[in-house]
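Asks:
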Amino acid sequence: MLQHVRVGTRASALALTQTGHVVDALSTLGRGDLTLETVHVRTDGDRLTGSLQSLGGTGVFVTALRDALLDGRCDVAVHSLKDLPTGDVDGISVVVPPREDPSDALCARDGLTLAGLPQGATVGTGSPRRAAQLLAARPDLVVVDIRGNVDTRLGRVAGARSGTGDLDAVVLARAGLARLGRLDAVTETFGVDVMAPAPGQGALAVEVRTADRVPGTPLDAALRALDHRPTHLAVVAERALLARLEAGCAAPIGAVAQLADHGRSLSLEAVIARPDGSASLRRGAATTLGADSAADARRLGVELAELLLGAGAADLAVLGAAR
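My numbering numbers the first residue of the sequence shown as 319 and each following residue consecutively.
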């Protein structure tokens with residue numbers, strides 16, 4: 319049975335590249351029973367200028383795609399998973415493909431590393447999380463708030479072939495650079511001890527109407543095969559932590575989880591910092607996975623959030639959980 323599937327995506331270069339990977343995977347997993355069409359959806363985040371905080375958070379990239387999915391303009395929607403609000407949406411189920419490296423990367427002039435940047439160097443990022451951790455490592459840096467696509471941001475690094483070249487460095491997600499074939503710009507990949515990534519960073523979310531998850535159909539079979547258990551469980555834990563803290567996009571919080579012990583256990587590490595980097599709090603936890611591994615992952619995230627709150631996380635950042 320041939321099934322036609324319209325795949326909704328933002329029209330940015332990175333979004334189209336990410337969606338292309340999903341389309342290729344679904345085509346392969348569909349074994350010739352799927353025909354796939356890409357549908358471009360313009361979001362508020364693409365139309366408006368200003369910081370993500372002033373625009374209302376990362377959800378500005380998600381709402382229009384979800385609306386297109388729910389009103390039938392597309393059958394599948396592809397997001398950067400870290401952009402998704404933490405709450406579940408009635409009528410939508412989420413599939414999570416294998417994750418790229420979730421690390422953050424420094425792209426600096428003259429091949430410089432973070433330690434090698436001169437005193438008072440200018441570093442661009444639009445992320446309060448990255449800004450706080452940069453300042454924690456190097457309080458002398460001048461962090462500049464920037465927006466724009468990957469090429470625009472890279473163009474702001476001194477010595478770039480195009481762009482303003484007004485900064486010494488920028489910090490970007492390594493996963494996005496990898497997907498765009500721009501790892502040549504990376505001068506340092508940060509370990510979690512220096513910069514913990516955003517919850518869900520490096521992962522994609524493929525959303526589909528729950529009513530369309532019909533067993534035996536080509537789309538459902540392909541989506542089941544596409545879902546990657548280690549990545550899915552990791553992001554469930556990371557997002558559960560974020561949800562329990564009731565943290566918005568302006569809260570400098572990093573978290574990353576990974577399976578261990580041949581998939582029998584899950585560990586989670588998180589950091590929360592003051593926006594100016596003057597203080598931070600780091601904790602980790604782990605759990606053994608049982609029959610309901612998703613519930614175990616969610617519980618791990620909540621328990622680590624409680625541990626952070628008990629250790630004073632609300633003194634470092636604005637958290638809804640502290641109200």
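C-beta: ideal position from N, C-alpha, C; glycine also.
Remember, predicted model here, so these are calculated numbers, not experimental data.
Would you kindly work out how many angstroms separate the C-alpha atoms of Val-524 and Gln-437, rounded to a whole number?
Replies: 43 Å
Asks: Check whether the segment 450-459 touches the segment 591-601, counting contact only when three or more Cβ pairs, one atom from each stretch, lie closer than 8 Å.
Replies: yes
Asks: DSSP on Gly-348, reduced to helix/strand/coil?
Replies: coil
Asks: Could you give the uninterrupted runs of the beta strand (DSSP E) lying entirely in the segment 504-549, keeping only those of 3 residues or more?
Replies: 522-527
Asks: Mind the definition here: the segment 522-538 touches the segment 496-503 only if three or more C-beta pairs lie below 8 Å; say whether that holds.
Replies: no
Asks: Do you know how far the Cα of Val-359 is from the Cα of Ala-575?
Replies: 31 Å
Asks: If you drop the 5 nearest sequence neighbours on each side, which residues of the same chain put their C-beta closer than 8 Å to that of Gln-336?
Replies: Thr-327, Val-396, Ser-398, Arg-497 and Leu-522
Asks: Around the C-beta of Ser-421, are 16 or more other C-beta atoms found within 10 angstroms, so that it is buried, or is it exposed?
Replies: buried
Asks: Give every residue of the same chain whose Cβ lies closer than 8 Å to the Cβ of Gly-405, excluding the five residues on either side of it in the sequence, and list them in chain order.
Replies: Result list for Gly-405: Ala-561, in chain order.
Asks: For Thr-470, which three-state DSSP category applies?
Replies: helix
Asks: Can you say whether His-550 is buried or exposed, counting buried as having 16 or more other CB atoms within 10 angstroms of its CB?
Replies: buried
Asks: Looking at Arg-447: is its Cβ nearer than 7 Å to the Cβ of Ala-516?
Replies: yes
Asks: Could you tell me if Pro-570 is buried or exposed, where buried requires 16 or more neighbouring beta carbons within 10 angstroms of its beta carbon?
Replies: Here Pro-570 is buried: its Cβ has 16 or more other Cβ atoms, across all protein chains shown, within 10 Å.
Asks: Please classify Val-461: does DSSP put it in a helix, a strand, or coil?
Replies: strand
Asks: If Gly-483 sits next to Ile-464, beta carbons under 8 Å apart, how far is it from one beta carbon to the other, in whole angstroms?
Replies: Not a contact, Cβ separation roughly 13 Å.
Asks: With DSSP as the reference, label Leu-452 as helix, strand or coil.
Replies: helix
Asks: Note down, in chain order, each residue of its chain lying with its Cβ closer than 6 Å to the Cβ of Gly-481, except the 5 sequence neighbours on either side.
Replies: Take Gly-481, set aside five residues on each side of it, and the residues of its chain with a beta-carbon closer than 6 Å to its own are Gly-473 and Arg-474, in chain order.
Asks: Whole angstroms is fine: what's the gap from Ser-372's alpha carbon to Arg-492's?
Replies: Its pLDDT being 49, under 50, Ser-372 is placed unreliably by the model, and the measurement read from it follows with that caveat. Spanning the two alpha carbons is a distance of roughly 25 Å.
Asks: Quick check on the burial criterion: 16 or more other C-beta atoms within 10 angstroms. Buried or exposed for Asp-401?
Replies: buried
Asks: Once DSSP output is grouped into helix, strand and coil, what is the label at Gln-336?
Replies: In the structure shown, Gln-336 sits in a helix (DSSP, three-state: H, G or I).
Asks: Helix, strand or coil: which one does DSSP assign to Arg-497?
Replies: Reduced to three states, the DSSP call for Arg-497 is helix.
Asks: With a threshold of 6 Å on Cβ separation, who are the neighbours of Ala-329 within its own chain once the five nearest residues in sequence on each side are excluded?
Replies: His-358
Asks: When the Cα atoms are used, what is the spatial distance from Leu-320 to Ile-590?
Replies: Distance from the CA of Leu-320 to the CA of Ile-590, rounded to the nearest whole angstrom, comes to 49 Å.
Asks: To which residues does DSSP link His-645 through a beta bridge?
Replies: Since the first residue of the chain shown is 319 and the last is 641, residue 645 is not available in this structure.
Asks: Classify Asp-419 as helix, strand or coil using the three-state DSSP reduction.
Replies: In this structure, DSSP gives Asp-419 a state outside helix and strand, which the three-state scheme calls coil.
Asks: So, for Gly-647: in the same chain, excluding its five sequence neighbours on each side, which residues have a beta-carbon less than 6 Å away from its beta-carbon?
Replies: Only positions 319 to 641 of the chain appear in the structure, and residue 647 is not among them; the question remains open.
Asks: Does Leu-586 come out as helix, strand or coil in the three-state DSSP assignment?
Replies: The answer is strand: DSSP assigns Leu-586 an E or B state.
Asks: How long is the line joining the alpha carbons of Gly-566 and Thr-505, rounded to whole angstroms?
Replies: 30 Å
Asks: Can you tell me whether Thr-381 is helix, strand or coil according to DSSP?
Replies: Per DSSP, reduced to three states, the secondary structure at Thr-381 is helical.
Asks: Count the C-beta pairs between the segment 529-548 and the segment 341-352 that are closer than 8 Å, then say yes if the count reaches three, no if not.
Replies: yes
Asks: How big is the Cα-Cα spacing for Leu-559 and Val-636?
Replies: Roughly 15 Å separates the two Cα atoms.
Asks: Taking the continuous alpha helix (DSSP H) assigned at Ala-439, which residues delimit it?
Replies: Element bounds for Ala-439: n/a, residue is neither H nor E.
Asks: For the beta strand (DSSP E) that Gly-602 lies in, which residues bound it at each end?
Replies: 598-606
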